[in-house]
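Taking it in order: structure first as structure tokens, then the write-up.
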Amino acid sequence: MNRRARLVLAPVLVLAFAALLVSWAPAPASAFPTKAVYDRTVPAPGTGPLVVGDLDGDGLTDLVTVDEGTGAYSVFLQTSTGFSANPTFTFPGAAARKLIMKDMDGNGEKDLVALGTNSTWVYYRDAGVFNRTSDLKRTQGLDIDAADMNGDGKVDIAILTVDYVQLWFQNDTGSWPLNPNLNINASGFQDLWLSDLSEDGFADIVVARPHELRVFAQSL
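Residue numbers for the sequence shown follow the working numbering, beginning at 650 and rising by one.
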């Protein structure tokens, strides 16, 4: 084979080898997310918070929004076809800056806990209706979460204030104390989470602020 023939054949061999490598490579995974545009708009009155979760226990994620000005709560229950443009139902309540969804009384139905300006409200759900309330007064908080913090099987409330993490332990009767059971120094923090980080059965406390994350590990 002369030099000219070898020069012509070399690029062909390189291309063939490259094609072989491509054929061996796994197929690229489908892009995520698969949808990059929204397909519907659900109105959220006011400028208050919202919370997502399976409120009615049907396995579908629902939405609850709060009008911070009027305190109106709008509940959007998802169906097999998605969300309606209008809320499934509404109910009056106190204005809130943070909202969480949790079964607070152990009846198997999700309740709502609303952190307000001067108090925290618990809206209990019975047979699908929010018809009972409790309030924790004098709770000027920045953030809130709920979990069993003292091992008695009842869900307690943690409120992050300017200076402390306030722990409010739910009483055996389902009522709440007049004052927090415990104050933990956490001055200057802005966010709060309760989670069992060590998987020992007890919820730990996590607070955060810019450039700092602090964990209060709980053990009983």
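For glycine and all other residues, C-beta sits at the position ideal for the given N, C-alpha and C. These numbers were taken from a predicted model, which means no experiment stands behind them.
Grab the span of the beta strand (DSSP E) containing residue i for me, first residue to last.
i                 : result
tyrosine 722      : 721–725
alanine 807       : 805–809
tryptophan 842    : 840–844
valine 778        : 778–786
methionine 750    : 747–751
leucine 862       : 861–865
phenylalanine 740 : 738–741
glycine 702       : 699–702
leucine 761       : 760–764
aspartate 821     : That residue, aspartate 821, is in no beta strand (DSSP E); it is neither H nor E in DSSP.
alanine 796       : 792–796
What's the call for residue i, buried or exposed, on a 16-neighbour Cβ count within 10 Å?
i                 : result
arginine 858      : exposed
tyrosine 722      : buried
threonine 788     : buried
threonine 714     : buried
phenylalanine 725 : buried
valine 762        : buried
valine 856        : buried
glycine 765       : buried
Opposite residue i in the DSSP bridges: which residues?
i              : result
asparagine 834 : Tyr813
serine 733     : Bridge partners of serine 733: none, in fact.
tyrosine 773   : Arg781
aspartate 711  : Gly702
serine 768     : Lys786
arginine 858   : Glu861
aspartate 853  : Ser844
If you measure from the beta carbon of residue i to each beta carbon in chain C, is any gap under 8 Å?
i            : result
arginine 689 : In the structure shown, chain C does not exist; there is a single protein chain.
* Would the stretch 760–780 and the stretch 728–745 be scored as touching if the rule is three or more Cβ pairs under 8 Å? -> With a cut-off of 8 Å, the stretch 728–745 and the stretch 760–780 count as touching, because enough Cβ pairs lie within range.
* Asked: Using 8 Å as the threshold, is the stretch 746–761 in touch with the stretch 777–797, meaning 3 or more CB pairs across them?
  -> A contact between stretches requires three or more CB pairs, one per stretch, nearer than 8 Å, and the stretch 746–761 meets this requirement with the stretch 777–797.
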